[in-house]
Amino acid sequence: MNDKKENQTSIQGENEKRLINRKIFLRIAAGISAGLFAARPVFQVYGRDKTPTAEAKVSVTGSCLGCTGCVAICPVSAIAPAPGTITINQQKCLSCGYCAALCPVQGVRINRIDHNE
Amino acid sequence: MKQFTLPDEVEVLIVGAGPAGLTAANVLSAKGKQILLIDIRKQIGHPLRCGELTFQDIFPIMGFQNREKWVRWNLSDDSEDMVVLNRPVMENDMAREVAEKGVLVIQSTSVTAIGEFKDGKREITLQSNGKQQRLNARLTIIADGVSSATAQLARIETRLTLDEIASCMAYRITGAQLKYPYRFSFQHFMEIRPFYFWVIPSGKDEANVGICVHGSRGHAAAALLDQYIKKSSAIDGGTITDTIVGSFPSAPPLEKPYRDGIMVAGTAARLISADTGDGIIQAALSGRAAAEVYLSLAGEATTEVKLSIYRKKLNYIYQQLYESLDRRMSGER
C-alpha cells in the first residue's frame, strides 16, 4: 500500500517538477531578454498606453538569517552576503524569484510596486 | 573591541572560518606561516547552519585535541562512532586557539575583489567594518561555504540552479521524549529529490529535527517540517528552542578547485554528500589537503600547475561523492 502511495506522489512530483522547470525557464528567458534589451526592471505591468504601471521588486525582510543559500543560486550575482543578512543589488536583479523559492524563512519577498501616475 | 590594522601583504589568506578554513589555518600555523583568516560573520561559529552530525575522526583530521564541551552527544551506531558537535562553541574555541598560535583572525570582513595573478601574488580587496583595504596574498584558500561568493569573484563558476541546491530547515527541540536517544535517523521520500527528514539526538531529551528539500521547495520547508513533527513517532512533546536554516549544493563537486594562487575547499568546492548533506569531514580533509599542498611547494610560486596535486589528493573524496550522487539519481535508500 505504501509503495502505491509513494509511486503516485512520485508521478505527481515529476509533473510538478516539469511544470516548475518550465515556469523557471520562462521567467529566466523573460528576465534575460528584458535585462539585455531594456536594461530596466523585469517584471512590469503595462497600462493601455503601454507605459509601465507596476513592477516586481525583491527585498530582504527582517526574518533573513544570513544563511547565504540565495547568494549561490542568484543567476546574475545580484545578492551579496553581509554579516547576519544579505544585500540585493537592485540594478542587477531580474526579479526571477529563485531566492524567494529557496528561502525557508521568507527572508526575501517579491513586492508589487504600483507607480502612481 | 580592539581595532586591527590589516597587513599589506600575507603569505596565505583564508576566507571563511568554518571547519575547512580552521583546519587549514591550524596546519599552516604549526609551520610558522604568516596567515590571515577572515570571516564575514560577526562571531565565528554563529549562527549554526547544520545538523552537526559527523564522525569521531574529525578531531585528529582538524589537528585539535578533542574537548568535552565541543561534543554535544555521542551516538553509538553499529558500524562507526558518530558524534554530534557543538559547532558554535567548537569553532569559536578553535579560532581562539589558532589566534594564539599567531594567525591573524578578523571577523565581519569579506572579499570584494580579486585581482589577476602577477609576480606570484594576487591583489585582494577586503571590506572590513565598512572600510576597503587592499593586500597581496601568495595563496588564497576560499572556504566560504555554500554562498561561494568569493570564488565567483575569481571567475570560478560556482553559481547553482534551483535543481542543484538543497534547502534545509531544522528545529532544536528540548524536553522531548526520544524513541532512540543514541541513534540518528534519516527518512527519505520519493518525490523531487532530495526530500528527507532527520532526527539527530543532541542530548537525552534533546534533538535536532530537520528537513531537507529540493531548492524550488524551500519556501514550503517549514510547513512540511511542522507536519512531520506532529506525526512522527521518533519524537514526542518538547519545546522548540532554536531554528536553524541553511542550504547545501547537491551538484557534483568542482572539477577544478584551484587556479593560479587560489584553492577552493569545503562546501565552496561542493565537497558535500548529496544524499545526506554530510560535509564537515570533507571540509576538514580538503582544508588539510590545501594546507599540505602549500607546504609541499616550499616557497615556490603557487601556479595552477603546481597546485594541481590538490585535486589528486582529494581523489578519494571525489569518488565517494560521485557514488553518493549516483545513489541519489538511481533512487536507492
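Chains A and B, in that order, give the protein sequences.
With my numbering applied, the first sequence covers 1 to 117.
With my numbering applied, the second sequence covers 1001 to 1333.
Positions of the beta carbon are idealized from the N, C-alpha and C atoms, including for glycine.
Taking only three categories from DSSP, how would you classify residue i?
i        : result
D1275(B) : coil
R1183(B) : coil
C1168(B) : strand
D1326(B) : helix
V105(A)  : coil
G1145(B) : helix
T1267(B) : helix
H1188(B) : strand
D1226(B) : helix
T1241(B) : strand
E1011(B) : strand
A1113(B) : strand
P1019(B) : helix
N1208(B) : strand
I1058(B) : helix
P1194(B) : coil
L1321(B) : helix
V956(B)  : With chain B covering 1001 to 1333 only, the question about residue 956(B) has no answer from this structure.
P81(A)   : strand
I1200(B) : strand
How many Å lie between residue i and residue j at the Cα?
i        : j        : result
A1301(B) : G1120(B) : 5 Å
V58(A)   : R112(A)  : 9 Å
E1011(B) : I1035(B) : 6 Å
M1001(B) : Q1107(B) : Model confidence at M1001(B) stands at a pLDDT of 42, short of 50, so the residue's coordinates are unreliable and nothing is read from them.
T1276(B) : G1021(B) : 22 Å
W990(B)  : Y1316(B) : Nothing in the structure corresponds to residue 990(B), since chain B is present only between 1001 and 1333.
L94(A)   : A1223(B) : 28 Å
N1092(B) : K17(A)   : 41 Å
V1083(B) : I1014(B) : 27 Å
A1290(B) : I1141(B) : 8 Å
K1033(B) : C1168(B) : 37 Å
S1296(B) : I1309(B) : 10 Å
V1146(B) : T1241(B) : 25 Å
A38(A)   : K92(A)   : Low per-residue confidence applies at A38(A): pLDDT is 45, beneath 50, and the placement is therefore not dependable, though the value from the model is reported in the following sentence. Rounded to the nearest angstrom, the two C-alpha atoms are 12 Å apart.
T61(A)   : L1139(B) : 37 Å
K1118(B) : E1157(B) : 21 Å
E1164(B) : S1247(B) : 11 Å
F1186(B) : H1219(B) : 21 Å
S1202(B) : K1306(B) : 43 Å
V1162(B) : S1250(B) : Rather than Val, the amino acid found at residue 1162(B) in this sequence is Leu. When rounded, the distance between both Cα atoms is 10 Å.
Can residue i and residue j be called in contact, C-beta distance under 8 Å?
i        : j        : result
G1237(B) : Q1319(B) : no
F1064(B) : N1026(B) : yes
Q106(A)  : S63(A)   : yes
A1154(B) : A1265(B) : no
I1058(B) : A1284(B) : yes
S1076(B) : Y1180(B) : no
P1252(B) : L1325(B) : yes
E1052(B) : R1072(B) : yes
C70(A)   : C96(A)   : no
A72(A)   : S1148(B) : yes
R1217(B) : A1274(B) : no
A1024(B) : G1287(B) : yes
Given that residue i touches chain A, what residues does it touch there, using C-beta distances under 8 Å?
i        : result
K1230(B) : Neighbours of K1230(B) on chain A: none; closest Cβ ~18 Å, over 8 Å.
S1167(B) : G69, L102, C103 and P104
T1158(B) : A72
P1249(B) : A72
So residue i contacts chain A; which residues on that side make the cut at Cβ distance below 7 Å?
i        : result
I1152(B) : The sequence shown places Gln at residue 1152(B), not Ile. The contacting residues are S77.
S1216(B) : I20 and A101
G1277(B) : Going along chain A, no residue has its Cβ under 7 Å from G1277(B), so there is no contact; the nearest lies around 12 Å.
V1146(B) : T68, G69 and A72
Chain A partners of residue i, CB-CB under 9 Å?
i        : result
V1027(B) : None at all; the shortest Cβ gap to chain A is about 26 Å.
T1161(B) : I24, I73, P75 and Y98
Give the residues of chain B in contact with residue i, contact being defined as C-beta atoms less than 9 Å apart.
i       : result
Q106(A) : H1219 and A1222
Below 7 Å on C-beta distance, what does residue i contact in chain B?
i      : result
L65(A) : P1047 and V1245
P83(A) : I1040, R1041, K1042 and S1108
T87(A) : Neighbours of T87(A) on chain B: none; closest Cβ ~11 Å, over 7 Å.
A80(A) : A1149
CB-CB under 8 Å to residue i, same chain, minus the five flanking residues each way: which ones, in chain order?
i        : result
I1229(B) : Y1171, I1173, V1209 and I1235
N1136(B) : D1008, E1009, V1010, K1121, R1122, E1123 and I1124
T1112(B) : T1125, L1126, Q1127, Q1132 and L1153
E1304(B) : Y1258, R1259 and D1260
Can you find the residues in the same chain that come closer than 6 Å, C-beta to C-beta, to residue i, ignoring five residues on each side of it along the sequence?
i        : result
V45(A)   : T53 and A54
I1244(B) : L1048 and A1170
N89(A)   : A78
T68(A)   : P81
P1019(B) : I1280, A1283 and A1284
P41(A)   : Summary for P41(A): the model assigns pLDDT 47, below 50, so the residue's position carries little reliability; its value from the coordinates is reported in the next sentence. Taken in chain order, the residues that qualify are E55.
Tell me which residues share the same chain as residue i and place their Cβ nearer than 7 Å to its Cβ, disregarding the 5 neighbours each side in the sequence.
i        : result
H115(A)  : P52, T53 and A54
P1088(B) : G1045, H1046 and L1048
Using a C-beta to C-beta distance shorter than 8 Å, which residues of chain B count as neighbours of residue i?
i      : result
G62(A) : Within chain B, no residue comes near G62(A); the closest Cβ sits about 14 Å away, beyond 8 Å.
Quick check on residue i - is its C-beta less than 8 Å from some C-beta in chain D?
i      : result
G47(A) : Of the protein chains in this structure, namely A and B, none is chain D.
The ligand MG and residue i: does the residue's C-beta get closer than 7 Å to at least one heavy atom of that ligand?
i        : result
Q1043(B) : With respect to the ligand MG, the structure shown offers nothing to examine, as it has no ligands at all.
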